[in-house]
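Residue numbers (full-length UniProt numbering): 1 to 202.
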Amino acid sequence: MTAPVYLVDDDAAVRDALSLLLSTVGVDVRTFPGPENFLSALPKLDPGCLILDIRMPAISGLKLQERLTASGVAWPTVVISGHGDIEACRKAFRNGAIDFLSKPVDEQDLIDAIQKGQMALDRTAEADAERREAVALLAGLTQREREVLSFVARGFATREIAGALGVSPRTVESHRAAIGAKLGTTSPAEMARLWIEVGNGP
1 MTAPVYLVDD
11 DAAVRDALSL
21 LLSTVGVDVR
31 TFPGPENFLS
41 ALPKLDPGCL
51 ILDIRMPAIS
61 GLKLQERLTA
71 SGVAWPTVVI
81 SGHGDIEACR
91 KAFRNGAIDF
101 LSKPVDEQDL
111 IDAIQKGQMA
121 LDRTAEADAE
131 RREAVALLAG
141 LTQREREVLS
151 FVARGFATRE
161 IAGALGVSPR
171 TVESHRAAIG
181 AKLGTTSPAE
191 MARLWIEVGN
201 GP
């Protein structure tokens, strides 16, 4: 497990026990006695998995989860609770929790949940890398090539693009060849994927 795990719980005994458990399976775990401490450290933290106690003074685990979601921090979150609160469980999942565990936490359930979170982080990192690559590739296109690509992404044929832009089909083919060379693909489907990847509409 490569991404760090951040454990936020006001119960020192729980923090110590879960931290020891996770460290024995190679998890880089950092503990926080409350949401305020975690929020103060957040700007300097690398993306990771969160383990949040649902009931803490001042700011509950659910409130912290809501705050993070509102600020664009969508890290995989495991919510733990000493109370069988079904409504709180529902809220946690609505806020994007990947699992909800009751105290005393089953060791294997927690490890499985953290592994699920690590996989989600890996997928996010992979998607971010693909998007950065697409942005870099499209940055090399001229304005006219971007116009042609936008039509290609919407499924327009060469003659239709030529008619829309008021140029000859031969000119469009020339632009498509240049686009293919710069993007490293002549596949219309792959061109469309790259175009949409950077946030453009199809």
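For glycine and all other residues, C-beta sits at the position ideal for the given N, C-alpha and C.
* **Any 3 or more C-beta pairs closer than 8 Å across the stretch 81 to 98 and the stretch 123 to 141** => no
* Is the beta carbon of residue 34 less than 9 Å from the beta carbon of residue 65? -> no
* Return the residue from the list 3, 14, 159 and 185 that minimises the CA-CA distance to residue 45. => 3
* Pick out the complete beta strand (DSSP E) segments inside the stretch 59 to 140, 3 residues or longer, and give them in chain order. => 77 to 81 and 99 to 102
* To do: Work out the CA separation of residue 114 and residue 20 for me, nearest whole Å.
  => 14 Å
* **Contained alpha helix (DSSP H) runs [length at least 4] in the stretch 146 to 184, N- to C-terminal order** => 158 to 165 and 169 to 183
* **Cβ distance (whole Å) where residue 81 is taken to contact residue 116 below 8 Å** => Their Cβ separation, rounded to whole angstroms, is 18 Å, which puts residue 81 and residue 116 out of contact at 8 Å.
* **Residues bridged to residue 39 (per DSSP)** => None; residue 39 has no bridge partner.
* To do: Identify whether residue 193 lies in helix, strand or coil by the three-state DSSP scheme.
  => helix
* Asked: Where do the ends of the alpha helix (DSSP H) carrying residue 14 lie?
  -> 12 to 24
* Asked: Which partner residues of residue 53 appear in the DSSP bridge assignment?
  -> 80
* **Cα-Cα separation, residue 162 to residue 168** => 5 Å
* Rounded to a whole number of angstroms, what is the C-alpha to C-alpha distance between residue 131 and residue 22? -> 32 Å
* To do: Buried or exposed for residue 247, please, with buried defined as at least 16 other CB atoms from any protein chain shown within 10 angstroms of its CB.
  => Any question about residue 247 goes unanswered here, given that the chain covers just 1 to 202.
* Go through its chain and collect everything with a Cβ distance to residue 111's Cβ below 7 Å, but skip five positions before and after it. => 25
* **Inter-residue spacing [alpha-carbon to alpha-carbon] between residue 76 and residue 118** => 8 Å
* **Residue(s) in a DSSP beta bridge with residue 30** => 6
* Asked: Whole-angstrom Cβ separation of residue 78 and residue 39, contact assumed at under 8 Å?
  -> Going by Cβ atoms, the distance from residue 78 to residue 39 rounds to 18 Å, so no, they are not a contact pair.
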